[in-house]
Amino acid sequence: MSADNDSAASKQVIFDYYRRVWEEGDASAIPALFAPGYVNHAGARGTLKGPDGILANYRSLKDAFPDVAFTLDIVVSEGSRVCAYYTMTGTHEGAFMGIAPTGRAVTVPGIGIYEVKDGIIVESWVVRDSLVLLRQLGADVAVKAA
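For the sequence shown, the working numbering begins at 24 and goes up steadily by one.
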């Protein structure tokens, strides 16, 4: 397989993940998309491991934002690595990070870098702008000037 084909195939796996899991709401697709030894280096959220880690993240977001949606704004790939800059939207209807439901709509940017091997996601580095999210939920977030 050429590098271009590998890159295109890797990118398609990421498109499939966002379509099947987030757009169609098919959490049962997670085990087929993520390797058993999968690791997500999730920034401030810690490390998510295996398909179960992704499933827990999925449930947490769906419980807090039942209408959560992701728009893939920029997707680039090279070989087995795919970078996706996304916008997450949703309405805060369930507890999230200790914050009671507010009914507020949120729009939050984030980025994920995914490693794809043999047609499944084996590792990722995904962060979202939690400060933007918390402020949109009305959290009292103090930031000191440098």
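The beta-carbon is built from N, C-alpha and C at its ideal position, and this holds for glycine as well. These figures come from a predicted structure and were not determined experimentally.
Nearest to residue i (by Cα), restricted to the options the options
i: Ala67; options: Ser83, Thr114 and Val149; result: Val149
i: Thr130; options: Met111, Glu116, Lys72 and Val99; result: Met111
i: Leu157; options: Ser147, Val145 and Gly121; result: Gly121
i: Ala87; options: Ile136, Val105 and Gly126; result: Gly126
i: Gly133; options: Gly117, Cys106 and Gln159; result: Cys106
i: Tyr137; options: Ala123, Ala168, Asp163 and Glu101; result: Glu101
Host beta strand (DSSP E) of residue i (start-end)
i: Lys72; result: Thr70 to Lys72
i: Ser147; result: Ile143 to Arg151
i: Ala128; result: Ala128 to Lys140
i: Thr125; result: Note, Thr125: premise wrong, no beta strand (DSSP E); not H, not E.
i: Val105; result: Arg104 to Thr114
Residue i - containing alpha helix (DSSP H), residue span
i: Glu95; result: Note that residue 95 corresponds to Leu in the displayed sequence, not to Glu. Not the alpha helix (DSSP H): Leu95 falls in the beta strand (DSSP E), residues Ala92 to Glu101.
i: Pro54; result: Ile53 to Leu56
Same chain, Cβ closer than 6 angstroms to residue i, five either side skipped, listed in chain order
i: Ala128; result: Thr114
i: Phe119; result: Ala87
Rounded straight-line distance, which links the Cα of residue j to that of residue i
i: Gly60; j: Gly142; result: 14 angstroms
i: Asp56; j: Gly117; result: Checking the sequence, you will find Leu at residue 56 rather than Asp. So the alpha carbons of these two residues sit roughly 27 angstroms apart.
i: Lys167; j: Phe38; result: 38 angstroms
i: Ile97; j: Tyr108; result: 5 angstroms
i: Ala65; j: Lys72; result: 10 angstroms
Beta-carbon separation (whole angstroms), residue i vs residue j, contact threshold 8 angstroms
i: Gly48; j: Asn63; result: With 8 angstroms as the limit, Gly48 and Asn63 do not qualify as a contact, their Cβ atoms being about 20 angstroms apart.
i: Val36; j: Val139; result: 5 angstroms
Proximal residues to residue i (C-beta, below 8 angstroms), its chain only, five neighbours per side dropped
i: Val79; result: It should be pointed out that residue 79 corresponds to Ala in this sequence rather than to Val. Excluding positions up to five away in sequence, the list reads Leu71.
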